[in-house]
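Residues in the sequence shown are numbered from 11 upward in steps of one, following our numbering.
The next block holds one structure in the form of structure tokens; read it before the comments.
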Amino acid sequence: MKLDQNARGTPVERSIHQKMMDFVIETYPGGFSLRKSFQRLGRDIARTTGRKAPWSPSYTANAYYGTFAKGRSASSEFIKGLEALAARVEGAKAPAFLLAARIAQVQTWQDNDLQGAFVMGAAKQCAYPGCSVMFVGTVPWRKFCPEHSPFKG
Ligand SMILES: [Zn+2]
């Protein structure tokens with residue numbers, strides 16, 4: 011089963027906590043089976059909260075896939091531990107909001123290195139009649155794409 015699809019192949023939006031589990035599992039050594047990853051994740055989350063018994067691989071897998079029985083979900087203790095673990099894994103490299111960031115494909119000038127950057131501005135459509143170009147302006151009051159900017163050149 012793909013992570014961004016349900017059992018029927020329909021795309022589903024993964025929750026921030028599911029993304030946090032992706033993030034933590036990605037830091038585990040390669041060659042780990044998913045079951046081994048769940049075992050380790052359940053143990054690591056338990057350790058983070060000081061809980062003696064690790065969460066079982068099946069419990070962790072249910073949290074990971076969102077496959078708990080109807081009306082049930084991961085415990086608040088599990089979620090608290092997961093958040094602490096994810097923050098610890100991330101360390102000083104980046105703040106927690108990046109865990110929830112969505113990866114988007116964008117276009118830019120050849121010499122403008124946006125790779126991995128967090129884009130804070132919202133995309134808007136060029137105000138030139140009939141132009142469908144979407145852009146994130148360098149200033150909030152920008153109305154036109156580079157092609158239709160009165161200040162180009
Ligand atoms: Zn335009």
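Even glycine gets a Cβ: it sits at the ideal position worked out from N, Cα and C.
Source: prediction; values computed, not measured.
Which residue wins for smallest C-alpha separation from Ala127, given the options Lys134, Gln120, Ile113 and Tyr138? Counting from 1 along the sequence shown, the entry for residue 127 is found at position 117. For the residues Lys134, Gln120, Ile113 and Tyr138, the minimum Cα distance to Ala127 belongs to Ile113.
Leaving out five residues before and five after Gly163 in sequence, what residues of the same chain have Cβ atoms less than 7 Å from its Cβ? To locate residue 163, count along the sequence shown from 1; it is residue 153. For Gly163, the pLDDT reaches just 47, beneath the cut-off of 50, and the residue's location in the model is therefore unreliable, although a value from the coordinates is still provided. Around Gly163: no qualifying Cβ.
Excluding sequence positions up to five away, which residues of its chain have a Cβ less than 6 Å from the Cβ of Ser47? As a working note, residue 47 is residue 37 in the sequence shown. Excluding sequence neighbours, Ser47 sits near Ile35 and Tyr38.
Give me the DSSP bridge partner(s) of Lys134. Within the sequence shown, the letter at position 124 stands for residue 134. Paired residues: Phe145.
What first and last residue would you give for the alpha helix (DSSP H) that runs through Ser47? The count along the sequence shown starts at 1 and reaches residue 47 at position 37. Unbroken alpha helix (DSSP H) run through Ser47: Leu44 to Thr59.
Minimum length 4: unbroken alpha helix (DSSP H) runs contained in the region 60-92: 67-75
Going by the CB atoms, is the gap between Ala94 and Thr58 shorter than 7 Å? The residue you call residue 58 lines up with position 48 of the sequence shown. The residue you call residue 94 lines up with position 84 of the sequence shown. Contact flag set, yes.
Can you tell me whether DSSP reads Pro160 as helix, strand or coil? Here the question's residue 160 lines up with position 150 in the sequence shown. Of the three classes helix, strand and coil, the one that applies to Pro160 here is coil, per DSSP.
Should His158 be listed as close to ligand 1, given that the test is whether its C-beta is under 6 Å from any heavy atom? Locating residue 158 in the sequence shown gives position 148, counting from the first residue. Result yes, Cβ under 6 Å from ligand 1.
Ligand 1 and Val146: does the residue's C-beta get closer than 6 Å to at least one heavy atom of that ligand? In the sequence shown, the residue the question calls residue 146 occupies position 136. Because no heavy atom of ligand 1 lies under 6 Å away, the Cβ of Val146 does not count as near it: no.
Thinking C-alpha only, which one of Trp151, Ser25 and Ala137 is nearest Gly76? Taking the sequence shown and counting its residues from 1, one reaches residue 76 at position 66. Checking every option, the nearest Cα to that of Gly76 belongs to Ser25.
Taking the straight line between their C-alpha atoms, what separation do you get for Gly60 and Phe33? Here residue 60 refers to the residue found at position 50 when the sequence shown is read from its first residue. Here residue 33 refers to the residue found at position 23 when the sequence shown is read from its first residue. Each residue's Cα considered, the two are about 21 Å apart.
Need the endpoints of the alpha helix (DSSP H) that Phe33 sits in, please. The residue labelled residue 33 in the question sits at position 23 within the sequence shown. Segment Ile26 to Glu36, the alpha helix (DSSP H) holding Phe33.
Under a three-way DSSP split, which group does Arg98 fall into? By 1-based counting over the sequence shown, the position of residue 98 is 88. Arg98 falls in the helix class under three-state DSSP.
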